[in-house]
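**Student:** I have a structure here, written as structure tokens, and I will follow up with some questions on it.
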Amino acid sequence: MNLGVKDLEVKATEVRRGVLDMVYRSKAGHIGGSMSSIDILTTLYYNILNIDSKKFSDLGRDRFILSKGHIAEALYYILADRGFFDKEKLKTYSKYGSTLIGHPNNKNNGVEVNTGSLGHGLPIAVGMALAGKRDNKDYRVYTLMGDGEQAEGSIWEGAMAAHNYKLDNLIGIIDRNRLQISGTTEEVMALGSLKDKWTSFGWEVVEVDGNNIEELVKIFSKIPIKKDKPTMIIANTVKGKGISFMENKAKWHHGVLTEEEYKKATKELEGGHLNE
Ligand SMILES: Cc1ncc(C[n+]2csc(CCOP(=O)(O)OP(=O)(O)O)c2C)c(N)n1
Ligand SMILES: [Mg+2]
Numbered sequence: 132m133n134l135g136v137k138d139l140e141v142k143a144t145e146v147r148r149g150v151l152d153m154v155y156r157s158k159a160g161h162i163g164g165s166m167s168s169i170d171i172l173t174t175l176y177y178n179i180l181n182i183d184s185k186k187f188s189d190l191g192r193d194r195f196i197l198s199k200g201h202i203a204e205a206l207y208y209i210l211a212d213r214g215f216f217d218k219e220k221l222k223t224y225s226k227y228g229s230t231l232i233g234h235p236n237n238k239n240n241g242v243e244v245n246t247g248s249l250g251h252g253l254p255i256a257v258g259m260a261l262a263g264k265r266d267n268k269d270y271r272v273y274t275l276m277g278d279g280e281q282a283e284g285s286i287w288e289g290a291m292a293a294h295n296y297k298l299d300n301l302i303g304i305i306d307r308n309r310l311q312i313s314g315t316t317e318e319v320m321a322l323g324s325l326k327d328k329w330t331s332f333g334w335e336v337v338e339v340d341g342n343n344i345e346e347l348v349k350i351f352s353k354i355p356i357k358k359d360k361p362t363m364i365i366a367n368t369v370k371g372k373g374i375s376f377m378e379n380k381a382k383w384h385h386g387v388l389t390e391e392e393y394k395k396a397t398k399e400l401e402g403g404h405l406n407e
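Position in the sequence shown counted from 1, then plus 131, gives you our numbering.
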């Protein structure tokens, strides 16, 4: 699938509405971090990734790993919309007995890896990218991490290995929304310059506005930026993007909406994508 920028923006708003409904219905989920990542996920799933819902086991497919697994609802909505499973099933999200549990679960077609324990997506992606090189396959491996997640030591082991094995088929994305579960990333575990850190680990690093789909399409289309080097995209975003009372508020990391808040959020999203 290869939607243009305008259609991607419309789709991102649709995904935001879908996720809002899922979280409101089940009274569970991580809405702030979903909203910040939805423009990135929409760009990947509707323009960049080479995947086919009918042939998900194809060994040549691109791989996407949602390392910040707590936003499973956004991944589930997109996978259902792309035909990996029935959209009706989204109504069971986070309900007892459903396979659509609160973190990505590979009992559902389209989910590569079970994630949720932060810090594991990148090391797994490194293994997949290395396998691709050794098998002479030309697929790419993408993984989306949080900025709070950068505190996990396993990420930096993966970072070294990716450089060591010259994995230019590996693309990391950091959702740099500057918030984590209980406050700002600088308060909880200061990150300093992520660009300097990843550059010093041997990655090619670019920074983009992660809520600007036009910029995202442009940068993803240039990969690999440097031969033999893994790429890190630092995507500056707003946590809660698109719903005014959630934007930049740590309390909406996993907040549950009242009926009044739900109505307000729905109305705001009716206006379309905020980049316009
Ligand atoms: C290993 C591990 N420790 C703690 C948690 C609990 N937890 C879930 S989300 C979260 C904050 C993550 O912040 P960030 O990576 O910035 O995510 P985002 O802001 O994009 O939602 C934490 C600490 C977890 N899922 N895994
Ligand atoms: Mg964050």
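Think of the CB as a built atom: it goes at the ideal place given N, C-alpha and C, for glycine as much as any other residue.
#1: DSSP three-state call for E378: helix, strand or coil?
#2: What is the rounded straight-line gap between the Cα of A396 and the Cα of H384?
#3: I'd like to confirm something about T144: is its beta-carbon nearer than 7 Å to some heavy atom of ligand 1, or not?
#4: For the stretch 134 to 162, list the alpha helix (DSSP H) runs that are entirely contained and at least 4 residues long, ordered along the chain.
#5: What residue range does the alpha helix (DSSP H) around G303 cover?
#6: Please report the residue range of the beta strand (DSSP E) in which T274 lies.
#7: What residues in its chain sit with their C-beta under 6 Å from that of T316, if we drop five residues either side in the sequence?
#8: Cutting at 7 Å between CB atoms, please list the residues of its own chain near K158, excluding the five before and the five after it.
#9: Skipping 5 residues on each side, what residues in its chain have a beta carbon closer than 6 Å to that of I286?
#10: Residues around ligand 2, please: the ones whose beta-carbon is closer than 7 Å to some heavy atom of it, in chain order.
#11: With a threshold of 7 Å (Cβ to nearest heavy atom), would K199 be considered close to ligand 1?
#12: Assuming N342 and V369 are in contact, meaning their beta carbons sit under 8 Å apart, how far apart are those beta carbons, in whole angstroms?
**Tutor:** Short version:
#1: coil
#2: Each residue's CA atom was taken as its position, placing A396 and H384 some 16 Å apart.
#3: no
#4: Within the stretch 134 to 162, the complete alpha helix (DSSP H) runs of at least 4 residues are 136 to 157.
#5: Where G303 is concerned, there is no enclosing alpha helix (DSSP H), although the beta strand (DSSP E) around it starts and stops at L301 to R307.
#6: V272 to G277 is the extent of the beta strand (DSSP E) around T274.
#7: D278, G279, R309 and L322
#8: Shown here for K158: same chain residues with a beta carbon closer than 7 Å to its own, the five before and five after excluded, namely V387 in chain order.
#9: Taken in chain order, the residues that qualify are G250 and L253.
#10: G164, G277, D278, G279, D306, N308, R309, L310, Q311, T316 and K370
#11: yes
#12: 6 Å
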